[in-house]
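S.K.: For reference, the structure I am asking about is given below.
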Amino acid sequence: MSKEKVILAYSGGLDTSVAITWLKKDYDVVSVCMDVGEGKDLDFIHDKALKVWAVESYVIDVKDEFATDYVLVAHQSHAYYEQKYLLVSALSRPLISKKLVEIAHQIGATTIAHGCTGKGNDQVEYQIAVAKKANEAKK
4 MSKEKVILAY SGGLDTSVAI TWLKKDYDVV SVCMDVGEGK DLDFIHDKAL KVWAVESYVI
64 DVKDEFATDY VLVAHQSHAY YEQKYLLVSA LSRPLISKKL VEIAHQIGAT TIAHGCTGKG
124 NDQVEYQIAV AKKANEAKK
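Add 3 to a position in the sequence shown, counting from 1, and you land on the number used in our numbering.
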């Protein structure tokens with residue numbers, strides 16, 4: 004009997020790599036890494052996910068959409084922290100969440116997971132954005 008699929012927002016770091024090994028007990032884990040232009044070694048991240056037992060690993064280039072639909076809009080509206088820092092990490096969360104939901108629907112995944120810790124509010128941003136995008140997709 005096959006397991007349900009879970010989509011994991013995967014960074015290639017320790018937290019999400021360990022998450023794969025935990026999640027694989029109950030799910031077929033599909034890792035998804037979004038390329039928003041950070042300059043990471045994406046081939047390494049893809050391969051690492053498979054080495055720690057993800058059943059599939061996707062790296063998706065979203066740089067153009069991120070730049071045009073998120074960063075440019077924030078820049079044009081002067082949305083800077085302390086009037087000098089563009090909130091690139093925070094801006095990426097809605098796009099990443101949108102893509103995670105799209106992929107979950109495409110491959111029949113029942114769950115979306117992430118590796119955010121309780122240090123900041125990233126986990127809340129993901130959970131709210133994923134829930135919103137999932138509800139929109141049902142309509």
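We treat Cβ as the ideally placed atom computed from N, Cα and C, and that holds for glycine.
Just to confirm, is the Cβ distance from valine 32 to alanine 57 under 8 Å?
M.R.: yes
S.K.: Sort out for me which residues DSSP pairs histidine 114 with in a bridge.
M.R.: Here residue 114 is threonine; the residue named in the question, histidine, does not match the sequence. Beta-bridge pairing links threonine 114 to Val9.
S.K.: Quick test of the definition: if touching needs 3 or more C-beta pairs under 8 Å, does the segment 49 to 64 touch the segment 16 to 32?
M.R.: yes
S.K.: Around the C-beta of alanine 116, are 16 or more other C-beta atoms found within 10 angstroms, so that it is buried, or is it exposed?
M.R.: buried
S.K.: Could you check what DSSP says for aspartate 46 in three-state terms: helix, strand or coil?
M.R.: helix
S.K.: Using the Cα positions of glutamate 59 and serine 34, report the straight-line distance between them to the nearest angstrom.
M.R.: 6 Å
S.K.: Taking the CB atoms as reference points, tell me whether valine 62 and aspartate 29 lie closer together than 8 Å.
M.R.: no
S.K.: Exposed or buried, which one is lysine 101 when buried takes at least 16 other CB atoms within 10 Å?
M.R.: Per the 10 Å Cβ criterion, buried.
S.K.: Please confirm whether tyrosine 83 and leucine 89 have their CB atoms less than 8 Å apart.
M.R.: yes
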